[in-house]
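**Student:** Numbering (the numbering used here), first residue to last: 1 to 235. For glycine and all other residues, C-beta sits at the position ideal for the given N, C-alpha and C. Just passing along the structure, written as C-alpha cells.
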Ligand code: SF4
Ligand code: SF4
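This is the structure in C-alpha cells:
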C-alpha cells in the first residue's frame with residue numbers, strides 16, 4: 001500500500017500555487033517566457049519546469065468552458081519510463097517500495113543520448129524532459145524527501161481549494177470515487193484518469209482528451225509516442 005495524490009480538477013482555479021510551490025521546494029530556476037495567446041505559462045513542461053498548470057479554452061455543448069489541468073508525473077504502478085531505463089542502468093531510475101514514488105536524481109541518472117530519448121518516449125503521458133546535451137531527464141519525484149519524512153508534497157500543501165489531496169492509495173481511491181459520484185450530478189461525462197494504474201489520479205469533469213488538447217498540440221512529441229498517448233486516452 002503506497003501513497004497517492006488525488007487531483008479534483010472541478011475545484012482547480014488555476015491559481016498556480018502548486019506550480020510555484022514546486023519550483024520553490026525543488027529550487028528550480030524560472031524560465032524566460034512570453035505571451036503566446038494563452039495563460040499557460042511556460043507553454044510546456046521542461047527540464048526546469050516539472051509541474052505545469054495547463055489552460056484549455058473550449059466549448060462544451062455550445063457553452064464556453066475554461067478547463068485547468070495541473071500536470072505532473074503520474075507515478076505509474078508499473079512505470080514504463082523505469083522499465084526502459086532499467087535496460088541501460090538499473091540504478092538510474094528508482095521506484096520506492098514503500099511509497100511507490102518513481103524518481104531519479106542528477107547523481108544517479110547516467111543515461112544519455114539516444115538512450116535517454118528512449119526513456120522519455122516510453123512515458124505514455126509525455127512527462128520526462130531531457131536535460132541539456134541529452135544528459136538525463138527531469139520529472140516530478142513525488143517530493144520524495146518530504147513524503148519519506150511524513151510531509152505532504154509541496155504542491156499539495158500549497159493548494160488552497162482542495163484540488164490537490166494526498167494520502168494512502170486506499171484513502172485517495174476512496175475519495176476519488178466519492179467525488180466522482182458527486183461531480184457526475186453536475187457533469188455527467190466526469191471520469192477518473194486511469195485510477196488502477198497510476199498514483200496521481202485526476203478527476204476530469206469532461207472527456208480527458210479535451211484537457212490534453214494543448215499538451216498534444218504543443219509538446220514536441222514524436223509520432224510513436226503520440227500514438228501511444230492517443231491509445232491510452234482511448235482516442
Ligand atoms: Fe514514468 Fe511517465 Fe509514469 Fe511518470 S507518468 S512514472 S514519467 S511513465
Ligand atoms: Fe513538484 Fe513535489 Fe508536486 Fe512533484 S510532488 S509536482 S516534485 S511539488
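Run the proximity test for residue 201: is its beta-carbon closer than 8 Å to any non-hydrogen atom belonging to ligand 3?
**Tutor:** Looking for ligand 3 in the displayed structure turns up nothing; the ligands present are ligand 1 and ligand 2.
**Student:** Would you list, in sequence order, the uninterrupted beta strand (DSSP E) runs of no fewer than 3 residues that lie entirely inside the stretch 145–200?
**Tutor:** The qualifying runs are 164–168.
**Student:** Chain B beta carbons: is any one of them nearer than 9 Å to that of residue 36?
**Tutor:** Note that chain B does not occur in the displayed structure, where there is just one protein chain.
**Student:** On the three-state DSSP scale, how would you describe residue 83?
**Tutor:** Note: residue 83 maps to helix in three-state DSSP.
**Student:** Look at the Cβ atom of residue 199, then the Cβ atom of residue 15, and state whether they are nearer than 9 Å.
**Tutor:** Contact: no.
**Student:** With distances taken Cα to Cα, identify the nearest neighbour of residue 169 among 11, 74, 105.
**Tutor:** Nearest option by C-alpha distance: 74.
**Student:** Between the C-alpha atoms of residue 240 and residue 62, what's the straight-line distance to the nearest angstrom?
**Tutor:** This structure gives no information on residue 240, because the portion of the chain shown stretches from 1 to 235.
**Student:** What separation, rounded to the nearest whole angstrom, lies between the Cα atoms of residue 7 and residue 160?
**Tutor:** C-alpha separation (whole angstroms): 13 Å.
**Student:** Quick one: does the C-beta of residue 12 sit closer than 8 Å to a heavy atom of ligand 2?
**Tutor:** No; taking the cut-off as 8 Å, the Cβ of residue 12 has no heavy atom of ligand 2 nearer than that.
**Student:** Within 10 angstroms of the Cβ of residue 139, are there 16 or more other Cβ atoms? Answer buried if so, exposed if not.
**Tutor:** Result: buried.
**Student:** Closer than 8 Å to a non-hydrogen atom of ligand 1 - does that hold for the CB of residue 22?
**Tutor:** Answer for residue 22: no, Cβ out of range of ligand 1.
**Student:** Would you mind working out which of 121, 42, 67, 130 sits nearest residue 81, comparing C-alpha positions?
**Tutor:** Answer by Cα proximity: 121.
**Student:** Can you check which of these residues, 181, 201, 163, is closest to residue 173 by C-alpha distance?
**Tutor:** Per the Cα distances, 201.
**Student:** Using a strict less-than 6 Å threshold between each residue's beta carbon and the heavy atoms of ligand 1, what residues do you get?
**Tutor:** Answer in sequence order: 73, 74, 75, 76, 79, 80, 81, 102, 123, 125, 127, 128, 139.
**Student:** Report all residues from its chain with a CB closer than 6 Å to the CB of residue 2; omit the five preceding and five following residues, and keep chain order.
**Tutor:** Result list for residue 2: 99, 100, 169, in chain order.
**Student:** Please classify residue 17: does DSSP put it in a helix, a strand, or coil?
**Tutor:** Three-state DSSP puts residue 17 in a helix.
**Student:** Can you tell me whether residue 198 sits near ligand 2, meaning its C-beta is under 8 Å from at least one heavy atom of the ligand?
**Tutor:** No, ligand 2 has no heavy atom inside 8 Å of this Cβ.
**Student:** Just curious, the beta strand (DSSP E) that residue 71 is in, first and last residue?
**Tutor:** First-last of the beta strand (DSSP E) with residue 71: 63–71.
**Student:** Give me the residue from 13, 177, 157, 192 with the minimum Cα distance to residue 22.
**Tutor:** Residue 157 is the option with its Cα nearest to residue 22.
**Student:** Can you give me the Cβ contacts of residue 70 inside the same chain, cut-off strictly under 6 Å, excluding the 5 residues immediately before and after it?
**Tutor:** Closer than 6 Å at Cβ, skipping near neighbours: 18, 53.
**Student:** How many angstroms separate the CA atom of residue 114 from the CA atom of residue 176?
**Tutor:** Rounded to whole angstroms, residue 114 to residue 176 spans 38 Å at the Cα level.
**Student:** Can you confirm whether the stretch 129–139 touches the stretch 42–51 when touching is taken to mean that 3 or more C-beta pairs between the two stretches lie within less than 8 Å?
**Tutor:** Yes, the stretch 42–51 is in contact with the stretch 129–139.
**Student:** Suppose the cutoff is 6 Å on Cβ atoms and the five residues either side in sequence are ignored; what does the same chain contact list for residue 46 look like?
**Tutor:** Hits under 6 Å: 129.
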